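A.B. asks: Chains as they are written, first to last, in UniProt numbering: chain A, 1 to 240; chain B, 1 to 919. Following this message is one structure expressed as structure tokens.
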Amino acid sequence: MSSAPLLRVRGVHRRFRTGPTVVHALRGVSFDVAAGSMVALVGRSGSGKTTLLNTIGGLDRPDAGSVHVDGTDVTALDEDGLSRLRREKVSYVFQSFGLIPVLSAAENVAAPLRLARVAPAERERRVELLLELVGLADHARQRPAELSGGQQQRVAIARALAASPRLLIADEPTGQLDAETGLSVMALLRGVVESEGVTALVSTHDPVMMALADRVIHIQDGQLAEEAAGQPDEPVPDAR
Amino acid sequence: MNRWLARRWPAPHWPSVRGRGRTDVGPLLLTAAVIAGVALLAGAAPALLRAAADNAVHDAVRRAGHASNVLVHANWERDDGPTGGRVRLPRLADDVDDFRARATYLLGPDLDAALLPPIAVVDSPILSITGGSVPRTFQVAYLAGDLGGPDVTWIAGSAPGPAVPERSIEIPSNGPPWPVQVGLSEAEAAALDLGPGDRIPVRDGQGPDKDVHISGIYRPVDSADPAWRLIPALLHPVPGADGVGTTRFAGLLSRESLPDARLAFDEDQLRRTVQFAPEPEALAWNATARLASQVVKLKAASGPSSVRDQSLKWESQLDTVLRDARTQISAASAQAAVLLTGVLTVTVLVLLLTADLLVRRRTPALNAARQRGAALPDLGAELIIESTVVSLSAAAVGLALARAAAPGVSWTWTVPAVLAGALAGPAFGTLAVARASRDQRQPANPAARRWTLATGKLRRAAVDAAVLVAAVAAFVTLHQRGLLPVASDGDTGELTGDLVLPVSAVALGVLAGALALLRLLPVGVRFALRQALRSRRPLAVFGAARAAATAGRVLPLLVLVSATALASFALVVGATVARGLTDSAWSTVGADARLDVGADVEAATPALAERIAAAPGVGQVVVAQVTDSARVFTESTLLTPRLVIVDAAAFQRLLATTPLPDAPALGRLTTPNPDLVGVPALVRSSDGNLPTGTRLQLTRDGAPAIRLTAVGTAPSVGGAADVVIVDAAALADAGLPVVPNTVWVTGPGAARAVSSSGVAADVVLRADVLQAQRVAPLTAGLLRLAWTAAAVLLALGLLGLTLAAAAGASERWQTLTRLRTLGLRPRDARWVAAGELLPPVVVAAVGGPLLGALLARLMLGPLELRLLTGQAADPAAVLPWWLLGVVSAALLTAAVAVVPVESALRRRDRLSEVLRAGE
């Protein structure tokens, strides 16, 4: 890593209370991610992957520790600051796509651009470009229900890239797709990381995804696997 | 068969049942509260209506007065003597007693129990009192109940005795008038200025004078004794009883003087009658058909009046009075049924919405149970056990409350709500789990997707068409058949099967209208979305997108539109009845106040009117001579209209200051017309057979008839169907001086002015008449039900709005959270939520009241509200716009309040939790 990391996570703790039971979802997680890289976050169900992604994206607040994205301390931002962060720097791709059903693929992709008050002409140009990028230029006017699952996830990826974020967070983006479609979506993610220069943090169970990632971070019982071995503050080495 | 035998009974997992019950205690309690509330209303309303029906029968019989009496006549036995003369029958009073006993026996037990003890009346023809300046009439009468006649105190002289000491004597047929003794009441003796021993100068038509002597002057012990009501002239002079300007007097016969009275008149002139007055409190609504039928049978069994025998001849209007009351009650029952059907329709929809909410909350848990191996029948059984317990318990509580609040309880109307509460949740839940476990996903093939889409559209269209056909059928049936049950003796007043369709017409019409709005809403919202997409406002796009995504949801819009439309309909019914009562009171009184002046002070009426006119707050004062049942002949028939002799110009001015219809034709009464024969008159006849130009003759006692010519249609006066109005000055010129007996007064001070007039007159205040009509059992009951139904429907609508918001909240906040991951600010999320919630609410707030008002205009006619308001024609629908505005405003206010409340409740939810829940 020659430059400053785009993402810096330090000593993040997160506990959840369910009645009398306290669950330690994250136990002092720390790592850095370099800009322009694609990192796979791997672990069993309940290991803390989604909690970690939500904490990084500002959807959840840690009980302790800090998260910096492109130099911004996410944990210190108020709601408006977080909204601005999501509009400008961080975007998400979800397992269930999260598209607006009554809008066409192009209109879904344009949604972040509308929130960012991008001029219509620029918005249309960008949407066209992104749909081209994800291979759905011919499906721009179709609604989500008229698209297959893989196509919907491609639209979701295009939407996530619309506002040119620095960090793309994808939580099991292939979880609802068959293996072949999942592979193509992963390949697309890999491609956009390179073509758009975006940094991607992807949680997955998929070995193929791990193979496509620049680096794999294992998480187990709320701790990075390596940290569990006694290296709490050291970045996890690249998987490749 | 083997397959059935191999099947096991569903085995509920009780811990799951208890767990779900604890988790969803809120929606379950809400379901219970809705069912209990509706059970209370629907259980109590029919019982209250039945009680009101009994009171209405009592009221109708009381109002009918003498008309509801049962009368029986019988001719006397002949009194021919052996030498061709007439025999005095000293035991004639015993014969009258026997006649009364025979009539009582023939009544039958049911009718006997409903009538007061009989009173036998023997009365003479009307005689003229000779001498004096004003026409006066006289009759002799004998009254005898089971315990004798009404008690009197003889304050001068003594009771009438026999004319001769011999008990039996034969008199020649052509002898002098036979003497008869009578008693006079104190008031009459004073009016006639006669005392004991005096002879009353009376004559039978053109015949010889009768020999009637006064034996004594009496004072009634109880002037309220029902017997006196049969011959009121026995108590005091009765003005107008025998025509315009006449006053009737009467003399009381005793058992001893009755045989003489028979001889004093021709053999058949003295009439004997037994009168049975109904006992209103003994008349129950459900017995009226039987009683009316018995009266009809008695009348049918009467011998012909032309035959001279001793057979009984029955007369009564009681059957008509009871039938009219039944008609009124049937109309009120049907009107109440229409309102209750509306309440039940919305209740069932709200219960479906509650079930929908419950199933949305439970689907994950139910799916998990299914994945763990629970069979669908087991899950269905668990759900139905829970919902049945909740529904039946709630209904029992509601019915118990109804029993405590009303004199009885009816569970019939509660059944739809209990069924909806018991079945909707299990049905929705089982279907949701079955659908999830089928794992049927969206087909990848576009053609298959289109086919699925088309199938869904076809299914919806079939449902829409079915509701529309039912609504049209109900509407046509309502207009063609009406709401009144077909009269029959076996009619118990309950809602019969043939009435179900017309009674449901309004509810079905509302459902059809709501479905139309439901299909139009997505079109409108998609149009709004297209417009928003062209704009630069992201919130408009997302709000419209959410609205478009949820516009197809059926239950929320159906509940909102149905509730507001039916609440508006109930308000229109209430307002129309309230206005109808006001109009009817104006029509009955004719002004703010009316004085019906007694005969003894009629001469002072003009001075009285001047005094009233000078009182503060008095507007118009008009005096008139009003005579009911005046005798007016046309060329072919005799009419008995209400004759109104009035200053036409003053009457016209009075009408102009009241809500009563103006009568410009009154001007013709004073317009000179040399071609006109006789006195110009305005004529109103119930059958409309007296057009302009018809010639009439107003008969008078002892004077030539006055010729009248119809010059126009008379306005209704006091609600009378047949009216003749003549200008007072014109009639005076024709030789009939006017003796005013009525004073109409308008203005805010009218009631005070007439009440303190200080003369012997009946004061009729419009406010009192209106109040009496408002508290009349059926009218008050229906008004209460209309206002209650409107309030309950509005409450159900607001509850439906809350439930709809709650049912969609999870999905809405999922979407809003996803939009927030794109950068939407929290405060902007509220606008998007409002954009989703408002369209159906706005449609319901605007479309509901309009739909309700439209249906009221189309369907109020067949509801026959005139039967309750007492108006001559069916009233036009009165639209209480400000109340309809309250309905709309309440809905919009609630919708506007939902968003911040929901936002505040969701503020503590972390975005990550919301997203995780949606995965």
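Even for Gly, the Cβ is constructed at its ideal location relative to N, Cα and C. Just so it is clear, the structure is predicted and the values come from calculations on it, not from any experiment.
Hey, how far is the Cα of A417/B from the Cα of R403/B?
C.D. replies: Cα to Cα, the separation comes out at about 18 Å.
A.B. asks: Counting only the same chain and skipping the five closest in sequence on each side, list residues whose C-beta sits under 6 Å from that of A532/B.
C.D. replies: Contacts found: A540, V541, A544.
A.B. asks: Whose C-beta lies closer than 7 Å to the C-beta of G43/A among residues of the same chain, with five residues either side of it excluded?
C.D. replies: Taken in chain order, the residues that qualify are K49, H218, I219, Q220.
A.B. asks: Over the uninterrupted beta strand (DSSP E) stretch that includes Q176/A, give me the two end residues.
C.D. replies: Here Q176/A belongs to no beta strand (DSSP E), and DSSP marks it neither H nor E.
A.B. asks: From the beta carbon of A105/A, is the nearest beta carbon of chain B less than 7 Å away?
C.D. replies: No, no contact with chain B.
A.B. asks: DSSP beta-bridge partners for Y142/B?
C.D. replies: DSSP lists V122/B as partners of Y142/B.
A.B. asks: With a floor of 3 residues, list each beta strand (DSSP E) that falls wholly inside the segment 569-616 of chain B, ordered by position along the chain.
C.D. replies: With a minimum length of 3 residues, the continuous beta strand (DSSP E) runs that stay inside the segment 569-616 of chain B are 593-597.
A.B. asks: In angstroms with no decimal places, state the Cα-to-Cα distance between A158/A and S148/A.
C.D. replies: Rounded to whole angstroms, A158/A to S148/A spans 15 Å at the Cα level.
A.B. asks: Since L252/B and R262/B are thought to touch, with beta carbons under 8 Å apart, how far apart are those beta carbons, to the nearest angstrom?
C.D. replies: Contact flag wrong, Cβ pair sits at about 16 Å.
A.B. asks: Assign Y105/B to one of two classes, buried (16 or more other C-beta atoms within 10 Å of its C-beta) or exposed (fewer than that).
C.D. replies: The residue is exposed, with fewer than 16 neighbouring Cβ atoms inside 10 Å.
A.B. asks: Please say whether S387/B and G429/B have beta carbons closer to each other than 7 Å?
C.D. replies: No, they are not a contact pair.
A.B. asks: Label V25/B either buried or exposed according to how many other C-beta atoms from any shown protein chain fall within 10 Å of its C-beta, with 16 as the threshold for buried.
C.D. replies: So V25/B counts as exposed.
A.B. asks: Which residues of the segment 68-93 of chain A have a Cβ closer than 8 Å to any Cβ of chain B? Give them in chain order.
C.D. replies: Answer in chain order: E79, D80, S83, R84, R86, R87, E88, S91, Y92.
A.B. asks: List, from N- to C-terminal side, the beta strand (DSSP E) runs of 3 residues or more that fit wholly inside the segment 631-686 of chain B.
C.D. replies: Taking only runs of at least 3 residues, the beta strand (DSSP E) segments lying wholly in the segment 631-686 of chain B are 642-646, 679-684.
A.B. asks: Which stretch, first to last residue, makes up the alpha helix (DSSP H) that contains R159/A?
C.D. replies: Counting along the chain, the alpha helix (DSSP H) containing R159/A begins and ends at 149-162.
A.B. asks: If we define contact as Cβ-Cβ less than 7 Å, is P112/A a contact residue for chain B?
C.D. replies: So yes, P112/A belongs to the interface.
A.B. asks: Taking DSSP as the reference, what is the three-state secondary structure of K89/A?
C.D. replies: Of the three classes helix, strand and coil, the one that applies to K89/A here is coil, per DSSP.
A.B. asks: Taking C-beta pairs closer than 7 Å, name the residues in chain A that P538/B reaches, listed in chain order.
C.D. replies: Per Cβ cutoff of 7 Å: R114, L115.
A.B. asks: Could you check where the beta strand (DSSP E) with R277/B kicks off and where it finishes?
C.D. replies: According to the sequence shown, residue 277/B is Ala rather than Arg. It is not in any beta strand (DSSP E) - A277/B carries neither H nor E in the DSSP assignment.
A.B. asks: Give the secondary structure of V29/A by DSSP, where H, G and I count as helix, E and B as strand, and everything else as coil.
C.D. replies: Reduced to three states, the DSSP call for V29/A is strand.
A.B. asks: Under a three-way DSSP split, which group does Q531/B fall into?
C.D. replies: Helix, per DSSP.
A.B. asks: Do we get a CB-CB distance below 7 Å when we pair L499/B with the residues of chain A?
C.D. replies: Judged by the 7 Å Cβ criterion, L499/B is not in contact with chain A.
A.B. asks: Can you pull the chain B neighbours of S56/A, defined as C-beta to C-beta under 8 Å?
C.D. replies: It is worth fixing the name first, because residue 56/A is Ile in this sequence and not Ser. Here the premise fails: no neighbours, minimum Cβ distance about 11 Å.
A.B. asks: Output the residue ranges of the alpha helix (DSSP H) runs that lie fully inside the segment 4-76 of chain A and measure 4 residues or longer, sorted by chain position.
C.D. replies: Entirely contained in the segment 4-76 of chain A, the alpha helix (DSSP H) runs reaching 4 residues are, in chain order, 49-57.
A.B. asks: According to DSSP, is Q79/A helix, strand or coil?
C.D. replies: Just to set this straight, residue 79/A is Glu in the shown sequence, not Gln. Three-state result, E79/A: helix.
A.B. asks: Extract the residue ranges of the alpha helix (DSSP H) inside the segment 722-749 of chain B, only unbroken runs of 4 or more that lie entirely within it.
C.D. replies: If we require 4 residues or more, the alpha helix (DSSP H) runs fully inside the segment 722-749 of chain B come out as 728-733.
A.B. asks: With a floor of 3 residues, list each beta strand (DSSP E) that falls wholly inside the UniProt domain "ABC3 transporter permease C-terminal" (788-898) of chain B, ordered by position along the chain.
C.D. replies: Whole beta strand (DSSP E) segments, 3+ residues: zero.
A.B. asks: Could you name the residues of chain A that A545/B contacts, counting a contact when the two beta carbons are closer than 7 Å?
C.D. replies: Residues of chain A passing the Cβ test: I100, V102, L103.
A.B. asks: List the residues of chain A that V541/B touches, going by C-beta distances under 7 Å, in chain order.
C.D. replies: Within 7 Å Cβ-Cβ: R114.
A.B. asks: With DSSP collapsed to three states, give me the class of W228/B.
C.D. replies: Of the three classes helix, strand and coil, the one that applies to W228/B here is helix, per DSSP.
A.B. asks: So is G490/B in contact with chain A if we call contact Cβ pairs under 7 Å?
C.D. replies: Legend: pLDDT at G490/B = 44, less than 50; position of this residue unreliable, no value from coordinates given.
A.B. asks: Using the C-alpha atoms, what's the distance from L891/B back to A904/B?
C.D. replies: C-alpha separation (whole angstroms): 20 Å.
A.B. asks: Please check the pair L85/A and V69/A, which I expect to be a contact at CB under 8 Å, by giving their CB distance rounded to whole angstroms.
C.D. replies: Yes, L85/A and V69/A are in contact; Cβ-Cβ is about 7 Å, under 8 Å.
A.B. asks: If distances are taken between C-alpha atoms only, which option among H139/A, A35/A, P20/A, V90/A comes closest to N54/A?
C.D. replies: Checking every option, the nearest Cα to that of N54/A belongs to V90/A.
A.B. asks: Just to check my reading of the structure: V433/B and L376/B have Cβ atoms closer than 8 Å, yes? What is that Cβ distance to the nearest angstrom?
C.D. replies: Going by Cβ atoms, the distance from V433/B to L376/B rounds to 7 Å, so yes, they are a contact pair.
A.B. asks: So within the segment 61-121 of chain B, which uninterrupted alpha helix (DSSP H) runs reach at least 4 residues, ignoring any that extend past its ends?
C.D. replies: If we require 4 residues or more, the alpha helix (DSSP H) runs fully inside the segment 61-121 of chain B come out as 92-107, 109-114.
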